[in-house]
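Accompanying notes for the structure given below.
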Amino acid sequence: MMNSPGVAIEARGLTVVRGNRTVLRDLDFTVEPGRITGLLGPSGCGKSTLMRAVVGTQAKVTGTLDVLGSPAGHPTLRPRIGYVTQAPSVYTDLTVRQNLDYFAAILQPGRRHRGARRAAIARAIAEVDLTSHADALAGTLSGGQLTRVSLAVALLGTPELLVLDEPTVGLDPVLRRDLWNLFHALAADRGTTLLVSSHVMDEAERCHRLLLMREGEILADDTPEALRTAAHVATVEEAFLHLVDVAATRQETVR
Amino acid sequence: MSAPHPQPQPAAPPLSPARTLATAARVLRQLTHDPRTVALLLLIPVVMITLLRYVFDGSPRTFDAIGASLLGIFPLITMFLVTSIATLRERTSGTLERLLAMPLGKGDLIGGYALAFGAVAIVQSLLATALSVWALGLDVTGSPWLLLLVALLDALLGTALGLFVSAFAASEFQAVQFMPAVIFPQLLLCGLFIARDRMAPVLEAISNVLPMSYAVDGMNEVLHHTDVTGDFIRDVLVVAGCALLVLTLGAATLRRRTA
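The listed protein sequences derive, respectively, from chains A and B. For the first sequence, the residue numbers in the working numbering are 423 to 677. For the second sequence, the residue numbers in the working numbering are -8 to 250.
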């Protein structure tokens, strides 16, 4: 069902340096198309940097990083990737609809696309359940609502790859469930590839595949079930802690 | 089953009129939600020029000279401030990163800002110039439309400078401090307080390379001559050239990839 068979993202020896600190160290991983891949790990482990590298906004990236068949950051990728940063990046002095109007005009400019834009905007607003707030000033919305406006912008262009940096932080349980249902619907119905970061381990269970990260390295790359089975534990959280302990012991031995 | 993805589009051209216009419309829409800023932008020059008129109540010649210069300086200063804060917000709120991850050309963003603030500057200058010429008795020998042209170019120069310095400011506090740093030296040396050729040679040489000097000279050419002089054309070209140059430098500060 995908037009890019095999892999959506492929990294070989991916390294990112910020200042004099190596934030990502020689990573190898792949992300399957049409699936939800969770990027999990504690704050500061390099999740956001990895996502920025995938989107092509991160400087000083070395190694190979191919996204949807092109090198990350290639201009032709820009309309094909939806990106939601951790902080909601929308204009607080515009209404929800005016925000979407503008970003839609960037994705699909010109008068002849006006109808298509209007439909895309209405759909995106409905998908994040903000129809009743469409004409509210973004600055007057709650934090969770603002996060959803930011998400709606990313949904506008029907992107093939959605990169979502902690999209459910600060949302109530009902909304979190609704958003995860939306993510699954996007993967199942549109074949969208999703790369979702979180530091909340219970969200891991909702992903098809997981990349567990710690201190700029990938500890594990597997399905939630496989991770639980391998560590003989009941939850991904326990599996993660187990892997951290193993990694720490290995480091001790090396020293 | 095939995913309903749109055909892969070619990369965005460096400048797309539709995207530039959309950006300008967005900037103006943001202003419509901020009526106080709009009121301040439009009224402050009007109030200041009126104040100036009565400060020089006894010497209308001085009012002519300083008034005409100020009509060129107001748009430069206000657009500098507004643009530096607006682009700084764009950088810190993450909207710039989002836009540059989208198929938006840097020229579209800068062109959009220049168009939007240029439009505001036209309204601002129209009000201030009309009031000065018709109500306050500013004695202009040349056409008031030429005053307006210089004012518009000054506004573009202000927009360009604001955009450029915002790259070097990490906060609003720093951004407003660039106002005295970038604008005040030009203000002191532009010939507003004393004719440039009566300054110490070093200062005159410095004033020769500062764009605001040409903005003020251009205003004074209109003030004293009925028709378009060669000096006026030189002044206009210098101001326009500087605006363009600084806009290009500003574009270079917009990085798609940041650390």
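Glycine included, C-beta positions come from ideal geometry on N, C-alpha and C.
Remark: fewer than three beta-carbon pairs, one from each stretch, lie closer than 8 Å, so the segment 582 to 599 of chain A and the segment 552 to 563 of chain A are not flagged as touching. Cβ atoms of residue 550(A) and residue 563(A) stay farther apart than 8 Å, at about 11 Å. Leaving aside the five residues that flank residue 201(B) on each side, the residues in its chain whose CB is nearer than 8 Å to its CB run, in chain order, 176, 177, 180 and 181.
The beta strand (DSSP E) runs lying completely inside the segment 469 to 508 of chain A and spanning 3 residues or more are 483 to 489 and 503 to 506, given in chain order.
When the beta-carbon positions are compared, residue 242(B) and residue 532(A) stay at least 8 Å from each other. Interface annotation for the segment 15 to 29 of chain B against chain A: 17, 20, 21, 24 and 25, criterion Cβ-Cβ distance under 7 Å. Here residue 102(B) has 6, 11, 14 and 15 as same chain residues with Cβ atoms under 8 Å from its own Cβ, once five neighbours each way along the sequence are excluded.
If you draw a straight line from the Cα of residue 488(A) to the Cα of residue 479(A), it is about 14 Å long. The Cβ-Cβ distance between residue 213(B) and residue 133(B) falls below 8 Å. For residue 39(B), no CB of chain A lies under 8 Å from its own CB, so it is not counted at the interface with that chain. Following the DSSP letters along the chain, one finds residue 460(A) in no alpha helix (DSSP H) but inside the beta strand (DSSP E) bounded by residues 458 to 462.
Under DSSP, residue 635(A) forms a beta bridge with 640(A).
Leaving aside the five residues that flank residue 236(B) on each side, none in its chain has a CB nearer than 6 Å to its CB. By the neighbour-count criterion, in which a residue is buried when 16 or more other Cβ atoms sit within 10 angstroms of its Cβ, residue 185(B) is exposed.
Residue 625(A) holds the alpha-carbon nearest to the alpha-carbon of residue 599(A) among 625(A), 516(A) and 477(A). Between residue 632(A) and chain B, the shortest Cβ-Cβ separation is not below 8 Å. Taking 8 Å as the cut-off, the Cβ atoms of residue 41(B) and residue 144(B) do not count as close. Within the segment 542 to 559 of chain A, the residues whose Cβ lies closer than 7 Å to any Cβ of chain B are, in chain order, 559. Taken in chain order, the unbroken stretches of alpha helix (DSSP H) that lie wholly in the segment 167 to 194 of chain B and span 4 residues or more are 175 to 180. Restricted to the segment 549 to 601 of chain A, the beta strand (DSSP E) segments that are unbroken, complete and at least 3 residues in length are 583 to 587, listed in chain order. For residue 208(B), the enclosing alpha helix (DSSP H) has its first and last residue at 202 to 215. In the same chain as residue 166(B), and ignoring 5 residues on each side of it, the C-beta atoms closer than 8 Å to its own belong to 75, 76, 79, 156, 157 and 160, in chain order.
Taking the C-beta atoms as reference points, residue 458(A) is found nearer than 8 Å to residue 605(A).
Collapsing the DSSP output to three states places residue 439(A) in a strand. Of all alpha-carbon atoms in 476(A), 455(A), 628(A) and 526(A), the one lying nearest the alpha-carbon of residue 433(A) is that of 476(A). Spanning the alpha carbons of residue 670(A) and residue 437(A) requires a straight line of approximately 21 Å. At least one C-beta of chain A is nearer than 8 Å to the C-beta of residue 248(B). With the rule of 3 Cβ pairs closer than 8 Å, the segment 495 to 502 of chain A does not count as touching the segment 655 to 664 of chain A. Residue contact with chain A for residue 88(B): present (Cβ-Cβ distance below 8 Å to some residue of chain A). In terms of Cβ geometry, residue 18(B) and residue 107(B) form a close pair [threshold 8 Å]. When DSSP reads this structure, residue 453(A) sits in a beta bridge with 431(A). DSSP places residue 645(A) outside both helix and strand once states are collapsed to three, so it counts as coil. With contacts defined by Cβ atoms closer than 8 Å, residue 615(A) and residue 583(A) form a contacting pair. The secondary-structure analysis by DSSP pairs residue 249(B) across a beta bridge with 480(A). Counting along the chain, residue 116(B) sits inside the alpha helix (DSSP H) bounded by residues 97 to 121. Looking at the DSSP output, residue 38(B) bridges to nothing.
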